[in-house]
Ligand SMILES: NC(=O)c1ccc[n+]([C@@H]2O[C@H](COP(=O)([O-])OP(=O)(O)OC[C@H]3O[C@@H](n4cnc5c(N)ncnc54)[C@H](OP(=O)(O)O)[C@@H]3O)[C@@H](O)[C@H]2O)c1
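Residue numbers (this note's numbering): 8 to 338.
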C-alpha cells in the first residue's frame, strides 16, 4: 500500500500532519500513476499547513506543492508518455509515495537529471525564470534588485540572470552569505540596512536596476523599490517578513514605479501546455549543465515529515529541506 502525508486540520504546528496508508487505485482514462521519489518543503507548504496560503485544499488533504517521480502505470488514452519516464508534477499532493494524476499534469524530464534538483524544479526556478521574462524587456547588462536573495528563488534569479547576461544587486539579512552568493554569480550582495535610495546608483555604477523582486514585504520591499530606475516594475511574489507594503506616493507619481505581483499558479493557469513545457525544458537543461543548482539543507524520510517541516521553518538554513519518498517501504 502507498503512504501519503495527510493534513487533518489547519494549525500553527505541523502536528496536524499524519502519515496514512492510502488505497492504490489503477489509472483511469487519460491518467498515469507516479511512483514518487522526492519532494521539497517550501514556505507555501508551511502556509498551507497554517491555513494562511492564497488557496487552501478541502481537508483532510494530501499536501506538498512540488515533487519528482517516475511514471509507473499508464491508463488508456494517454499518448506520448512511457513507463519509467522521470517527471515533475504540476499538482499539489506530492508528499506521497504514489500519485494518480492526469497526463497533462506531468512534465517529462530528461533521463539522468539529479532527482533532488528535479524535486526542487517546478516551483522556485520556474518563478525566477518567469519573473525575469514576464515583467520587462531586460537587456544584457541590465541590473535587477532583489531581497531574500539567499532563498531558493533568489539563488535561481542570481544563477539564471548571470547566465542571461543580467546583473544582480542582492539584499540579504546575514553577512556571511556574500561570498557564497558571489560564487554562484551575484554581482553585488548588500545587507538589509543599506539604504538603496542613497546607494543604488553608486553601487550599480551609474545605471539603476530595471526590475525589483520582493519576497519579504515591509521596509525591505520599499528599500528595493527605492533602488529602481523610473518606470520600472516592482514585483512581489513572497511575504517572508509578514509585513504589508507601505508605498510613498512619490514612487508612483514621480518615478512611475509599477507595483505588481506574481503567482506561479496563476501563470500556469494562463499559459499553454507548450509554454509550460518549454519553461521546464529550459530549466532542466540549466540543471543538467550545472548552471542551476539549489543547495540542499537536509533530507528526511517521509515518516519524519514533522521534523522536516519544523526544520524548514527555521531561519538561517543552508538550503532546501527535502523529503525522501523512495525510502518509504510499501508492501
Ligand atoms: N508567488 C509565487 O508563485 C511563489 C513561488 C515560489 C516561492 N514563492 C515565495 O517566495 C518566498 C521564498 O521562497 P523560497 O522557497 O525560495 O524560500 P526558502 O528557500 O525557503 O528561503 C526563505 C528565505 O526567506 C528569508 N527570510 C525568511 N524570513 C525573513 C524575514 N523576516 N526577512 C527577510 N528575509 C527572510 C530567508 O533568509 P535567510 O537565508 O537569512 O534565512 C531565506 O533566504 C516565499 O515567500 C515563497 O512563498 C512564491
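Yeah, the Cβ is synthetic: ideal placement off N, Cα and C, and Gly gets one too. Everything numeric in this text was worked out from a predicted model, so none of it was measured.
Quiz item: For residue 42 versus residue 78, is the C-beta distance shorter than 9 Å?
Solution: Yes. Within cutoff.
Quiz item: For residue 27, which of 60, 56, 67 has the nearest alpha-carbon?
Solution: Ranking the options by Cα distance to residue 27, first place goes to 67.
Quiz item: Sorted by chain position, which residues of the same chain lie with C-beta nearer than 6 Å to residue 54's C-beta, five sequence neighbours on each side aside?
Solution: Correct list, in chain order: 60.
Exercise. Counting only runs of 3+ residues fully inside the stretch 132-189, write out the beta strand (DSSP E) ranges in chain order.
Key: Counting only runs of 3 or more, we get 150-153, 174-179.
Quiz item: Under 8 Å from any heavy atom of ligand 1, does the C-beta of residue 134 make it?
Solution: Indeed, a heavy atom of ligand 1 lies less than 8 Å from the Cβ.
Practice problem: Out of 31, 153, 136, point me to the one whose CA is closest to residue 107's CA. | Solution: Nearest to residue 107 by alpha-carbon distance, out of 31, 153, 136, is 31.
Quiz item: Around the Cβ of residue 13, are there at least 16 other Cβ atoms within 10 angstroms (buried) or fewer (exposed)?
Solution: With 16 or more Cβ atoms within 10 Å of its Cβ, residue 13 is classed as buried.
Quiz item: Three or more C-beta pairs closer than 8 Å, one from the stretch 193-207 and one from the stretch 130-139: is that the case here?
Solution: They do not touch, by the three-pair rule.
Self-check item: N-terminal and C-terminal residue of the beta strand (DSSP E) that residue 60 is part of
Solution: First-last for residue 60: undefined, no H or E at that position.
Exercise. Consult DSSP for residue 34 and reduce its assignment to one of helix, strand or coil.
Key: DSSP places residue 34 in coil when its eight states are reduced to three.
Quiz item: So, helix, strand or coil for residue 22, using DSSP?
Solution: Here residue 22 sits in helix by DSSP.
Self-check item: Whole alpha helix (DSSP H) elements within the stretch 218-263, 4-residue minimum
Solution: DSSP runs (the alpha helix (DSSP H)) wholly in the stretch 218-263: 225-232, 256-260.
Quiz item: At which residues does the alpha helix (DSSP H) containing residue 275 begin and terminate?
Solution: In this chain, the alpha helix (DSSP H) harbouring residue 275 covers 271-277.
Exercise. Would you mind reading off the limits of the beta strand (DSSP E) that contains residue 80?
Key: Going by DSSP, residue 80 is part of the beta strand (DSSP E) stretching over 74-81.
Quiz item: What are the start and end residues of the beta strand (DSSP E) that includes residue 93?
Solution: Under the DSSP assignment, residue 93 falls in the beta strand (DSSP E) whose first and last residues are 93-96.
Practice problem: Run the proximity test for residue 130: is its beta-carbon closer than 8 Å to any non-hydrogen atom belonging to ligand 2? | Solution: The model depicted lacks ligand 2 and carries ligand 1 instead.
Exercise. Pair every Cβ in the stretch 238-247 with every Cβ in the stretch 150-170, then say whether three or more of these pairs are closer than 8 Å.
Key: Contact check between the stretch 238-247 and the stretch 150-170: three or more CB pairs, one atom from each, fall below 8 Å, which counts as touching.
Self-check item: Member of 36, 239, 103, 35 whose CA lies at the smallest distance from the CA of residue 48
Solution: Nearest C-alpha to residue 48: 103.
Quiz prompt | the stretch 268-278 touching the stretch 289-303, judged by at least three CB pairs closer than 8 Å | solution = No, because fewer than three Cβ pairs between the stretch 268-278 and the stretch 289-303 fall closer than 8 Å, the two stretches do not touch.
Quiz prompt | residue 308 (DSSP reduced to helix, strand or coil) | solution = The answer is strand: DSSP assigns residue 308 an E or B state.
Quiz item: What number of angstroms, rounded off, separates the C-alpha of residue 18 from the C-alpha of residue 205?
Solution: Distance between the alpha carbons of residue 18 and residue 205 is about 42 Å.
Quiz item: alpha helix (DSSP H) containing residue 125: first to last residue?
Solution: According to the DSSP assignment, residue 125 belongs to the alpha helix (DSSP H) that extends over 122-126.
Practice problem: Check residue 198 in the structure and name its three-state DSSP category. | Solution: Strand at residue 198.
Quiz prompt | Cβ contact (3+ pairs, closer than 8 Å) linking the stretch 221-238 and the stretch 148-155 | solution = Three or more pairs of CB atoms, one per stretch, sit closer than 8 Å, so the stretch 221-238 contacts the stretch 148-155.
Quiz prompt | Residue range of the alpha helix (DSSP H) that includes residue 330 | solution = Under the DSSP assignment, residue 330 falls outside any alpha helix (DSSP H), being part of the beta strand (DSSP E) whose first and last residues are 327-331.
Quiz item: Can the beta-carbon of residue 330 be found less than 9 Å from the beta-carbon of residue 308?
Solution: Result yes, Cβ atoms of residue 330 and residue 308 sit closer than 9 Å.
Quiz item: Between the C-alpha atoms of residue 62 and residue 130, what's the straight-line distance to the nearest angstrom?
Solution: So the alpha carbons of these two residues sit roughly 15 Å apart.
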